[in-house]
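Before any comments, here is the structure.
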């Protein structure tokens, strides 16, 4: 079974990203950044997703 990590940008809500070892940090452990606005990506199961509002519309 293969598991996938789905990322979402908290700023522009994009889902396209690039990863880099230079962008790895405590807040961005995968080093994923949005290709549109360069914000660190979050995973959809991340507790910080409340930035989208109290209800999720995925």
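In the working numbering, the protein residues as written are 62 to 119.
Every residue, glycine too, gets a C-beta built ideally from N, C-alpha and C.
Check, Outcome
"Rounding to the nearest angstrom, what Cα-Cα distance links residue 102 and residue 73 in this structure?", "10 Å"
"Buried or exposed: which applies to residue 98, given that a residue is buried once 16 or more other Cβ atoms fall within 10 Å of its Cβ?", "exposed"
"For the beta strand (DSSP E) containing residue 95, name the first residue and the last one.", "93-95"
"Quick check on the DSSP output: the beta strand (DSSP E) that includes residue 80 runs from which residue to which?", "78-80"
"Among the residues of its own chain, which have a CB less than 6 Å from the CB of residue 85, if the five just before and after it don't count?", "92"
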